[in-house]
Amino acid sequence: MPAPAPKPAVILVRPQLGENIGKAARAMLNFGLTDLRLVSPRDGWPNPDAGPAASGADVVLANARLFDNIADAAADCAHVYATTVRRRGVTKPVLTPQEAAGAVRAATERSAFLFGPERSGLETDDVAIARAIVTVPINPEFGSLNLAQAVILVAYEWSKGEALAQPTQLDIDPPAPQGELDGMIGHLDRILEDAGYFFPPDRAAVDRRQLRTILTKPGWSAGEVRTLRGVLRSIERRIGIGSAA
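Below you can see the structure in the form of structure tokens.
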């Protein structure tokens with residue numbers, strides 16, 4: 001089985017502000033990219049404004065490489081994608097970030113994404129170097145993504161093929177055993193019986209069935225069942241009925 005391709009490089013072509021380089025580095029590292037290459041940054045490199053804007057993505061900035069032109073920056077990359085939301089007068093395959101990310105992951109050679117300067121984006125000659133264009137459907141009356149936004153769109157789509165962490169995702173406890181669930185339903189049934197809920201009597205069977213249906217849908221975990229039993233015991237103590245079994 002062939003080895004996976006190296007992670008794609010991000011090439012910022014003539015970036016203007018150090019702050020935006022830092023923000024782009026931050027966007028990269030959030031999604032596992034670290035290979036940053038800079039082509040003729042307007043204010044030179046290193047740039048003191050990049051570090052604070054990177055918000056801790058120092059490894060990306062520390063390893064960023066400086067080049068005089070795109071050809072040198074992309075010399076080791078077999079697949080180069082130019083990002084733009086504007087027509088540039090060149091005929092190239094046009095891909096969405098998702099399609100481009102899939103192609104990058106399927107390749108065995110290194111790939112690179114080109115991003116143009118903040119004010120105008122990539123020039124026609126810049127795009128001509130690439131093998132394909134990456135773009136997104138955008139409001140025709142306002143096609144103005146900033147540099148970090150453009151980087152994060154591409155980096156996020158590429159990251160879908162990586163084993164990255166989901167900070168807000170928690171393991172869900174397995175459902176409680178049927179016996180524990182039945183115990184909770186029986187507990188509620190006793191309270192409702194003592195409180196006179198099942199009235200008229202000829203409706204009791206239907207009401208009990210509907211309550212069971214409601215209570216079995218969520219797939220309560222054992223901890224959730226214990227919490228609900230605690231609620232029921234509190235109700236019993238408060239109204240002075242039943243038994244806290």
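Numbered by the numbering used here, the letters in the sequence shown go through residues 1 to 245 in order. Glycine included, each C-beta is placed from N, C-alpha and C at the ideal position.
{"Check": "Can you tell which of ARG105, ALA128, GLU109 and GLU224 has its C-alpha closest to the C-alpha of GLY116?", "Outcome": "ALA128"}
{"Check": "On the three-pair Cβ rule with 8 Å, is the stretch 18-28 touching the stretch 46-53?", "Outcome": "yes"}
{"Check": "In the DSSP assignment, find the alpha helix (DSSP H) that holds LEU38 and state where it starts and stops.", "Outcome": "From DSSP, LEU38 is part of no alpha helix (DSSP H) but of the beta strand (DSSP E) over 36-39."}
{"Check": "How big is the Cα-Cα spacing for THR84 and SER221?", "Outcome": "49 Å"}
{"Check": "So, ALA112 versus VAL231, is the Cβ gap smaller than 9 Å?", "Outcome": "no"}
{"Check": "So is ILE172 buried or exposed if we call it buried at 16+ other beta carbons inside 10 Å?", "Outcome": "exposed"}
{"Check": "On a Cα-Cα basis, can you pick out the residue from PRO97, LYS7 and PRO218 that is closest to GLN178?", "Outcome": "PRO218"}
{"Check": "What does DSSP give as the partner residues of HIS79 in its beta bridges?", "Outcome": "SER111"}
{"Check": "On the DSSP bridge list, what partners appear for ALA132?", "Outcome": "TYR81"}
{"Check": "Whole angstroms are fine: how far does the CA of ASP43 sit from the CA of ASP72?", "Outcome": "20 Å"}
{"Check": "Hey, THR96 and VAL151: beta-carbon distance below 9 Å or not?", "Outcome": "no"}
{"Check": "Among GLU193, PRO93 and GLU123, which has the Cα closest to the Cα of ALA204?", "Outcome": "GLU193"}
{"Check": "Measure the beta-carbon distance from VAL60 to THR91 and round it to whole angstroms, keeping in mind my assumption that it falls under 8 Å.", "Outcome": "The pair is not a contact, with the Cβ atoms about 34 Å apart (cut-off 8 Å)."}
{"Check": "Identify every residue that forms a DSSP beta bridge with ALA9.", "Outcome": "ALA112"}
{"Check": "Here's the rule I'm using: 16 or more other beta-carbon atoms within 10 Å means buried, otherwise exposed. How should VAL39 be labelled?", "Outcome": "buried"}
{"Check": "For ASP202, is the classification buried or exposed, using 16 other Cβ atoms within 10 angstroms of its Cβ as the cut-off for buried?", "Outcome": "exposed"}
{"Check": "Just to check my reading of the structure: ARG105 and ALA64 have Cβ atoms closer than 8 Å, yes? What is that Cβ distance to the nearest angstrom?", "Outcome": "Wrong, their Cβ atoms sit about 23 Å apart, outside the cutoff."}
{"Check": "Going by C-alpha to C-alpha distance, which of SER234, THR227 and PRO4 sits closest to THR108?", "Outcome": "PRO4"}
{"Check": "Going along the chain, which residues of its own chain have a beta-carbon closer than 8 Å to the beta-carbon of PRO41, five neighbours each way excluded?", "Outcome": "LEU12, ARG14, PRO15, GLN16, GLY18, ILE21, ASN47 and LEU66"}
{"Check": "If I measure Cβ to Cβ from ALA148 and keep anything under 6 Å in the same chain, skipping five residues before and after, which residues do I get?", "Outcome": "LYS23, ALA24 and ALA27"}
{"Check": "Under a Cβ-count criterion, where at least 16 other Cβ atoms within 10 Å of its own Cβ denotes burial, should PRO93 be classed as buried or exposed?", "Outcome": "exposed"}
{"Check": "Straight-line CA distance for PRO137 to VAL206?", "Outcome": "53 Å"}
{"Check": "How about ALA132 and ASN30: do their beta carbons lie closer than 9 Å?", "Outcome": "no"}
{"Check": "Run through the DSSP bridge pairs and tell me what PHE67 is partnered with.", "Outcome": "VAL39"}
{"Check": "Run through DSSP, which three-state label would SER221 get?", "Outcome": "strand"}
{"Check": "Please classify ASP126 as buried or exposed, where buried requires at least 16 other C-beta atoms within 10 Å of its C-beta.", "Outcome": "buried"}
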